[in-house]
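K.L.:
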Amino acid sequence: MVKNALIDTAKGYLMLKRNVTALYNQTVLLRNALNHTDTAYIALHKNLTSTSGMLKSLNSTLAELNRGLYSLNSTYGKTYIGVITVHRAILASGAYGRGNLTQTEAEEIATQTGTTPEFVYAVFNSVYPVYANAGSGAITDTFLANVTEGIIKAGSPSAQVPLVEAYGKAFYLEVEAFDQKAGSEYALQGMSSGELTKAVSGIATSVLHKLPEAVLQTNQTIVVNGFGRLDAKAFSGIVETAISLGPSPSARPLRTPPLRLRSPSSATLLTIPFQSSRT
10 MVKNALIDTA KGYLMLKRNV TALYNQTVLL RNALNHTDTA YIALHKNLTS TSGMLKSLNS
70 TLAELNRGLY SLNSTYGKTY IGVITVHRAI LASGAYGRGN LTQTEAEEIA TQTGTTPEFV
130 YAVFNSVYPV YANAGSGAIT DTFLANVTEG IIKAGSPSAQ VPLVEAYGKA FYLEVEAFDQ
190 KAGSEYALQG MSSGELTKAV SGIATSVLHK LPEAVLQTNQ TIVVNGFGRL DAKAFSGIVE
250 TAISLGPSPS ARPLRTPPLR LRSPSSATLL TIPFQSSRT
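According to the numbering used here, the residues represented by the sequence shown are 10 to 288, in order.
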């Protein structure tokens, strides 16, 4: 009887040992699983943090491009008005006919038109060769649009030249369309200061909205901070997005609620803020 009891006790011990061993093995598996989960969580955290940085960079790039595009739009229109105004003053001075513009004349015209002598000379040097070869009839509104593009390109960084060229082409076409509707290639040159400002403002607004299509037609690649090297189609889409933000968008980017994740093993609450670009 004692022997049987000992045998039963031994069997119970062996079964307990097996259960403990199985429990230990399950604990090891569970620990390993939790370690793998933590590893995946850490990877997810890193990816989200990286994405946050990228979104901030893209948001900054779009804001910068937005400012640049609206600045170009304003500058281009004002420069075109300046070119027309200065051209009319040079024409009235007789400098084209003489083939010479004196320093005194340049300074007087600059004062009269609210520009600079350098700008006056830039207009004269661009217009005179055509005037001398083809006469005053060749100095159309569209020709002066080309003069404007040349002046702005000369003062632009090389990286911005493709965008200026795309804008210049669109501006030229809008001036051409305006003159065709008005029935004269010199319609803008014949306007008063107030009429000219209003007309050019309308042209510039139309150009800005058509700029993405103009960029697409350039078929050029361009490097954009935060985006890398882009083909014309991709850059056109980014230009369209930047323009859609409107003039002077809020300096503070659009924010989304923080993404909150709970660590599976430590149960520590983590907050991962990120910002999205406005669309």
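We put the CB at the ideal spot given by N, CA and C, even for glycine. Quick caveat: nothing in here was measured; it's all calculated off a predicted structure.
Using DSSP with H/G/I as helix, E/B as strand and the rest coil, what is I148?
P.N.:
Three-state DSSP puts I148 in coil, outside helix and strand.
K.L.:
Taking all protein chains shown into account, decide if K178 is buried (16 or more other Cβ within 10 angstroms of its Cβ) or exposed.
P.N.:
Looking at its Cβ environment, which holds 16 or more other Cβ atoms inside 10 Å, K178 is buried.
K.L.:
Do the CB positions of A115 and Y137 come within less than 7 Å of each other?
P.N.:
No.
K.L.:
According to DSSP, is L172 part of a helix, a strand, or is it coil?
P.N.:
Here L172 sits in helix by DSSP.
K.L.:
Return helix, strand or coil for L254, following the three-state DSSP convention.
P.N.:
L254: coil per DSSP, three-state reduction.
K.L.:
Are A170 and V132 closer than 7 Å when you measure CB to CB?
P.N.:
Per the sequence shown, residue 170 should be read as Val rather than Ala. Not in contact: V170 and V132 (Cβ atoms no closer than 7 Å).
K.L.:
How about A223 and A186: are their beta carbons less than 7 Å apart?
P.N.:
Not a contact, by the Cβ cut-off of 7 Å.
K.L.:
Measure how close the beta-carbons of A119 and T125 come, nearest whole angstrom, since I'm counting them as under 8 Å.
P.N.:
The Cβ separation is near 5 Å, so the contact holds.
K.L.:
Run through DSSP, which three-state label would L110 get?
P.N.:
In this structure, L110 counts as coil in the three-state DSSP scheme.
K.L.:
If you reduce the DSSP assignment to three classes, tell me which class I212 lands in.
P.N.:
Helix at I212.
K.L.:
Whole angstroms is fine: what's the gap from L263's alpha carbon to T250's?
P.N.:
Unreliable positioning characterises L263 in this predicted model, as indicated by a pLDDT of 41, which lies under 50. The coordinate reading is nonetheless provided below. Taking the straight line joining both Cα atoms gives about 14 Å.
K.L.:
At the level of alpha carbons, what is the spacing between T265 and L239?
P.N.:
Here T265 scores only 35 on pLDDT, less than 50, and its place in the model should not be relied on; the value that follows carries that caveat. Their Cα atoms are separated by approximately 28 Å.
K.L.:
Would you identify the three-state DSSP class for P267, choosing helix, strand or coil?
P.N.:
Its pLDDT being 37, under 50, P267 is placed unreliably in this model, and the value from its coordinates should be taken loosely. In the structure shown, P267 sits in coil (DSSP, three-state: anything other than H, G, I, E or B).
K.L.:
Can you name the start and end residues of the beta strand (DSSP E) that L239 belongs to?
P.N.:
Run containing L239: 237 to 239, per the beta strand (DSSP E) assignment.
K.L.:
Based on DSSP bridge pairs, tell me the residues matched to V233.
P.N.:
V233 pairs with G237.
K.L.:
Looking at the structure shown, is L197 part of a helix, part of a strand, or coil, going by DSSP?
P.N.:
If DSSP states are grouped into helix, strand and coil, L197 belongs with coil.
K.L.:
Helix or strand or just coil, what does DSSP make of T120?
P.N.:
Note: T120 maps to helix in three-state DSSP.
K.L.:
Taking contact to mean 3 or more Cβ pairs, one atom from each stretch, closer than 8 Å, check whether the stretch 190 to 199 and the stretch 147 to 157 are in contact.
P.N.:
As far as the Cβ criterion goes, the stretch 190 to 199 touches the stretch 147 to 157, which means the pair count is three or higher.
K.L.:
Can you list, in chain order, the residues of its chain whose CB lies under 7 Å from that of V233, leaving out five sequence neighbours each side?
P.N.:
Hits under 7 Å: T70, L239, F244, I247.
K.L.:
Please return the same chain residues whose Cβ sits closer than 8 Å to the Cβ of T122, not counting the five positions on each side in sequence.
P.N.:
G91, T94, V95, A98, V129, listed in sequence order.
K.L.:
With I160 and T84 assumed to form a contact (beta carbons below 8 Å), what rounded beta-carbon distance in angstroms separates them?
P.N.:
With a Cβ gap of about 10 Å, I160 and T84 do not count as contacting.
K.L.:
So, with DSSP's three-state summary, where would you put Q165?
P.N.:
One detail in the question is off: residue 165 reads as Ser in this sequence, not Gln. Residue state, collapsed to three classes: coil.
K.L.:
Would you say N82 and L217 are within 7 Å of each other, going by their C-beta atoms?
P.N.:
Yes, these two residues count as a Cβ contact at 7 Å.
K.L.:
Pull up the CB-CB distance for K242 and L225, whole angstroms please, since I reckon it's below 8 Å.
P.N.:
Confirmed, about 6 Å.
K.L.:
Less than 7 Å separating the beta-carbons of G86 and A168?
P.N.:
No; because the gap between Cβ atoms is not below 7 Å, this pair is not in contact.
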